[in-house]
Amino acid sequence: MVSPGTLYVVATPIGNLEDITLRAVRILTEVALVASEDTRHTRKLLAHLGIATPLVSYYKGKEAARAEPILARLVAGDDVALVSDAGTPGISDPGALLVRKARDRQIPVVPVPGPSALAAAVSVAGFERTAFLFLGFLPSRAAERHRVLSGLVREENLLVFYESPQRIVATLKECLAVLGDRRLVVARELTKLHEEILTSTTAELLADLAARPRVRGELVVVVEGGAAAEAPPAGEELAELLAWYRDRGELTLRDAVQRVTRDLGLKRAAVYQEALRVWEEEGKG
Ligand code: SAM
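Shown next, in the form of structure tokens:
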């Protein structure tokens with residue numbers, strides 16, 4: 010009996026074509042077949058790398074039907090590489106079904122890691138906390154998006170999600186309304202010519218992006234986590250509330266002022282004056 014081939018799950022660049030590993034190039038060259046989300050797209054990458062391996066399409070919506078002939082090749086002893094349009098297959102991309110079916114048939118499944126927009130964005134976000142919750146794409150329907158975000162208000166880990174340029178402004182509005190103003194990073198066009206890593210707060214980035222005639226390109230959003238189960242004390246006086254934020258040490262004076270101004274509906278200047286006093290008090294204590 011012929012032993013089965015191996016299914017290699019191969020990461021490809023998310024923009025810059027230099028971001029392909031030596032191992033990925035070798036595997037893409039050596040396998041009998043490359044299963045690809047979009048064969049036209051992958052053909053360009055393979056041509057750039059000087060690779061002539063035959064391609065077969067494997068895309069969302071047709072995963073079940075497309076998996077069978079690929080599995081047949083693997084069972085017959087051929088090695089196959091699975092790639093998506095960009096980044097790592099199986100991360101907000103097709104792949105899981107083929108991987109599962111291959112494993113069910115005792116076909117070895119081997120990852121060939123490399124770029125992913127998710128990891129690239131987190132790596133430059135600059136948050137102290139490294140644990141994060143990856144949400145893929147948020148639901149496109151506003152009500153559903155609102156429901157998902159509402160369930161994450163107290164999530165203390167970073168929230169990371171993919172977003173389309175058409176929806177980013179609406180989504181940031183929703184984030185501001187549901188999660189409050191937080192530190193937030195929008196990573197746009199990573200590794201490409203117009204790469205932009207915007208780091209500020211939800212309100213400021215919302216204002217920035219809403220002022221643009223059009224947001225273009227691909228986007229990853231990284232949002233600071235919430236304050237877990239420990240909510241600011243309700244009904245506290247302004248000074249106590251500011252001291253509470255100061256003592257937790259998670260917000261800068263400026264961010265604490267912004268949050269308290271919003272939560273208590275006070276004038277920013279008054280909150281700012283009090284914050285200066287409260288922060289100075291700590292210096293003396
Ligand atoms: N599997 C891919 C990965 O590992 O990154 C993600 C595929 S998902 C269908 C595509 C989304 O990833 C885009 O809509 C965008 O949100 C994000 N993305 C992909 N490439 C990107 C890039 N160069 N810069 C920023 N975001 C990117």
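Read in order, the letters of the sequence shown are residues 10 to 294 in this note's numbering.
Cβ atoms here follow ideal geometry from the backbone N, Cα and C, with glycine treated the same way.
Fully contained in the region 49 to 122 are the following alpha helix (DSSP H) runs of length 4 or more, in chain order: 72 to 84, 105 to 113. The DSSP-derived three-state label of residue 20 is coil. Our two residues, residue 21 and residue 120, have alpha carbons roughly 12 Å apart in a direct line.
Membership of residue 292 in any beta strand (DSSP E) is not indicated; the residue belongs instead to the alpha helix (DSSP H) covering 277 to 293. The beta-bridge partner set that DSSP reports for residue 206 consists of 196. For residue 41, no beta strand (DSSP E) run applies, since DSSP gives it neither H nor E.
Bridge partners of residue 170 according to DSSP: 230. The three-state reading of DSSP puts residue 247 in helix, counting H, G and I together. Residue 235 has its alpha-carbon roughly 14 Å from the corresponding atom of residue 258. Within its own chain, the residues whose Cβ lies closer than 7 Å to the Cβ of residue 38, once the five positions on either side in sequence are excluded, are 60, 62, listed in chain order. For residue 144, no alpha helix (DSSP H) run applies; the uninterrupted beta strand (DSSP E) run containing it begins and ends at 141 to 146, by DSSP. Between residue 34 and residue 58, the C-beta gap is smaller than 8 Å, which places the two residues in contact. For residue 262, the secondary structure class from DSSP, reduced to helix, strand or coil, is helix. Relative to the ligand SAM, the beta carbon of residue 24 is positioned inside 7 Å of a heavy atom. The Cβ-Cβ distance between residue 207 and residue 170 does not fall below 8 Å. Separation of the CB atoms of residue 210 and residue 267 is rounded to 7 Å, and the pair is thereby assigned contact status at 8 Å. A residue is called buried when at least 16 other Cβ atoms come within 10 angstroms of its Cβ; residue 196 meets this threshold and is buried.
With contacts defined by Cβ atoms closer than 8 Å, residue 104 and residue 11 do not form a contacting pair. In the three-state DSSP reduction, residue 267 falls in the helix class (H, G or I). Take the alpha-carbon of residue 93 and the one of residue 40: they are about 16 Å apart. DSSP places residue 34 within a helical segment (H, G or I) once states are collapsed to three. The beta carbon of residue 219 lies closer than 6 Å to those of 178 in the same chain, with the five residues before and after it left out.
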